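With our numbering, letter number 165 in the sequence shown gets 165, and the count goes up by one each step, no holes. So the structure is just underneath, and the comments pick up after that.
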Amino acid sequence: MLAAVKTRLVRNQSVINVGFRFLAQIVAQVGNFLLFPLLARNLGTEGFGVQTQLNAINGVLLPIATLGLGFSVVRLIAGKDDVGYISARFLSTLLLATSVACALGAGVFVAAPILNDLFIKVEWATSVIRLSAVMLVVMTVERVLKDYYRARMRIVAYSVFEMVQTALLVVGIVLVFQADGGLWEVLVVWIGIKAGLMVALVAYFRWLGEIRLRSALMPWAELLEMVRFGIPVVTMGLSMWVIGLGDRAVIGYYMDASSVGVYGSAYTLAGLLGALATAFWGPMYPLMAKHKNNGDVPRLMGVCRRYTNAYLVIGLPALVGLTVLSAQILRILGSADFVIHPALFGLIALGLFSDQVSATPYYLIYLHNEPQVIRNVTVFTALVNMVLNVIMVPRLGIWGSALATLITYGAQDILLARRVVFYGYRLRDVYSLQKIGKLTAVALAMGGVLLLLQNQFVNDSLGVLLLLVVVGGGVYGVMLMALNRFQFNNLLQALTE
């Protein structure tokens with residue numbers, strides 16, 4: 001009886017943890033949706049481009065600063081009850097990562113004029129680059145704290161902190177712009193809010209009794225072993241930076257900050273495709289692991305198809321709808337200076353969409369205990385991405401980066417899929433290819449309707465945009481139901497087979 005109660009409590013806590021993570025993701029995406037127009041309208045293409053480049057600089061340094069310690073932290077700390085053991089590792093890893101971040105930040109501070117001349121080319125940007133060195137230290141501390149909260153299963157607490165942080169950032173940046181502040185003031189507010197919450201996270205962790213701040217450090221040899229274990233993670237992190245953010249550095253080098261801002265804004269909007277996937281990939285992986293551990297291949301394949309289909313039901317129309325309406329959305333949320341051709345946006349969005357579709361083979365490879373395959377694929381495709389950007393950006397501008405993004409993620413998909421076939425799975429077992437074809441046809445038909453309606457409206461108001469979204473969604477829903485004879489049960493059955 002007692003064992004059954006404990007099992008029920010564990011399951012309930014798991015549901016609560018997943019629910020709070022999902023809620024935190026929703027709040028974060030709403031915050032990003034609010035921050036984008038705030039930053040774009042008040043900073044302009046040049047200021048938004050500088051801010052994008054700062055993210056790129058810190059994006060490449062953060063994996064190095066954290067040394068891949070997160071995987072070791074979770075492996076060593078999860079389930080431990082010895083507060084002294086936990087405290088020693090908490091203090092040691094936090095001190096080491098912060099020290100590395102400070103050293104890297106000092107390098108950024110000194111090299112700020114050179115970084116500006118190479119990648120940004122804006123007279124006033126040197127001072128904000130130096131301020132980004134402080135940002136790097138704060139981001140590093142946040143990453144380490146997040147790993148410990150995750151290892152100790154304090155998911156709800158960390159999720160609440162994240163939601164509070166998002167709200168404070170939005171309010172703080174609104175107040176900055178109301179006071180006629182610029183990017184410097186935005187970064188100061190960002191650093192202040194993040195640093196304050198980091199102190200609160202440490203204080204709460206101590207109050208819970210998870211750590212003692214006065215504790216001996218862990219043995220140096222063990223700390224070095226954690227670093228050695230994390231080196232492949234650092235490699236993967238750098239590779240993902242090259243794929244996701246490296247193109248901004250190349251654009252900044254060959255072009256200017258305004259071009260980076262235009263490209264970065266389109267990438268941010270297309271990133272909604274990844275945000276939509278969060279609700280599906282999170283629960284899919286543990287279910288896949290459960291059936292893989294039980295040796296139940298049919299159910300494993302069923303989970304792959306079911307969750308992929310569920311994402312595609314909203315992901316495909318989102319891809320088509322964002323592409324058709326991209327110019328209108330960027331003009332309304334930003335300004336006419338941020339507008340790019342819908343075909344250019346479509347290349348970026350299709351690349352990010354294909355990255356989401358590769359989640360299934362990505363997880364299957366992990367379930368076969370071959371993380372080195374993921375590492376090798378990401379390193380290879382990162383090199384491909386950088387070479388393509390260096391070749392195409394000088395000739396094609398941001399069109400070259402968009403093409404490089406699509407080719408890179410396409411190559412990644414092919415390489416991951418080939419490995420899945422090597423394990424003996426068939427792609428038609430992993431993906432419902434016939435259903436994907438039907439969903440694609442319906443989404444494209446909806447896109448055609450949106451194009452016709454869009455030509456009837458010359459008013460770029462938010463009301464018109466919302467009307468087009470609602471009508472497009474309605475048309476898509478009707479056509480989807482028509483394919484299933486207007487029987488909702490048929491639709492559900494088609495998705496879950």
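Note that the Cβ used here is the ideal one computed from N, Cα and C, for glycine as well. Bear in mind that the values here come from a model prediction, so they are computed numbers and not experimental data.
Using a Cβ-Cβ cut-off of 8 Å (strictly less than) and excluding sequence neighbours within five positions of residue i, which residues of its own chain qualify?
i: L34; result: V170
i: V390; result: V250
i: V27; result: E162, M163, T166, A167
i: L300; result: M288, H291, K292
i: R212; result: V83, G84, S87, R206
i: L118; result: G252, Y253
i: P298; result: none
Spatial neighbours of residue i within its chain, please: C-beta separation below 6 Å, excluding the five flanking residues on both sides.
i: L364; result: V420
i: G237; result: P63
i: V134; result: I191
i: D355; result: Y409
i: A125; result: V50, N116
i: G400; result: M392, V393
Looking only at its chain, what residues have a beta carbon closer than 7 Å to the beta carbon of residue i, apart from the 5 residues adjacent to it on each side?
i: L76; result: R89
i: I348; result: A266, Y267, A270, A402, T405
i: Y254; result: V393, P394
i: L483; result: K438, V442
i: L453; result: L468, V471
i: I157; result: It should be noted that the sequence gives Ala, not Ile, for residue 157. Contacts found: Y149, Y204.
i: K6; result: Confidence is the limiting factor: at K6 the pLDDT is only 44, short of 50, which leaves the residue's position unreliable, though a coordinate-based value still follows. Once the five neighbours on either side are set aside, K6 has no close Cβ partner at all.
i: V186; result: I173, V176
i: H368; result: Y423
i: Y503; result: With the chain running from 1 to 497 in the structure shown, residue 503 is simply not present.
If the criterion is Cβ atoms closer than 9 Å, does the pair residue i and residue j meet it?
i: F280; j: L319; result: no
i: L415; j: V379; result: no
i: L201; j: Y149; result: yes
i: M386; j: G473; result: no
i: A40; j: G302; result: no
i: Y311; j: A277; result: yes
i: A97; j: A65; result: yes
i: Y423; j: R305; result: no
i: L316; j: V234; result: no
i: D263; j: T52; result: With the sequence shown as reference, residue 263 is identified as Tyr, and Asp is not the correct amino acid for it. In this structure, T52 lies closer than 9 Å to Y263 by Cβ.
i: V73; j: M198; result: no
i: D337; j: G44; result: yes
i: V144; j: L208; result: no
i: G351; j: G410; result: yes
i: L465; j: Q328; result: yes
i: V189; j: L175; result: yes
i: G321; j: M446; result: yes
i: A241; j: V60; result: Before going on, a small fix: residue 241 reads as Trp here, not Ala. Yes, these two residues count as a Cβ contact at 9 Å.
i: P361; j: A417; result: yes
i: E142; j: K80; result: no
i: L388; j: I407; result: yes
i: R375; j: P286; result: no
i: G295; j: S326; result: no
Rounded to whole angstroms, how far is the Cβ of residue i from the Cβ of residue j, which I believe are closer than 8 Å?
i: L269; j: I173; result: Going by Cβ atoms, the distance from L269 to I173 rounds to 19 Å, so no, they are not a contact pair.
i: L54; j: S127; result: Not quite, the Cβ-Cβ distance comes to about 12 Å (not below 8 Å), so this is no contact.
i: R331; j: V324; result: Not quite, the Cβ-Cβ distance comes to about 14 Å (not below 8 Å), so this is no contact.
i: V108; j: L69; result: Wrong, their Cβ atoms sit about 21 Å apart, outside the cutoff.
i: A382; j: S239; result: 4 Å
i: T140; j: A103; result: That belief does not hold up - the Cβ atoms of T140 and A103 are roughly 11 Å apart, past 8 Å.
i: G261; j: F48; result: 4 Å
i: F177; j: N42; result: 5 Å
i: S258; j: E46; result: 5 Å
i: L450; j: L468; result: 6 Å
i: M218; j: S92; result: 4 Å
i: D413; j: V373; result: Rounded, the Cβ-Cβ distance is 14 Å, inconsistent with contact.
i: L183; j: V50; result: 6 Å
i: A56; j: R248; result: 4 Å
i: K121; j: D256; result: 6 Å
Please confirm whether residue i has its beta-carbon closer than 9 Å to some beta-carbon of chain D.
i: R212; result: Here there is only one protein chain, and chain D is not present.
- [ ] At 4 residues or longer, and completely inside the segment 222-277: list those alpha helix (DSSP H) runs for me, N to C.
- [x] 246-254, 257-270
- [ ] Give, in chain order, every unbroken run of the alpha helix (DSSP H) that is at least 4 residues long and sits entirely within the segment 421-492.
- [x] 427-430, 433-454, 462-483
Task: Runs of alpha helix (DSSP H) wholly within the segment 143-180 (minimum 4 residues, chain order) - done: 155-178
Open item on the list: I'd like the ranges of any alpha helix (DSSP H) spanning at least 4 consecutive residues and lying wholly in the segment 52-79.
Closed with: 69-77
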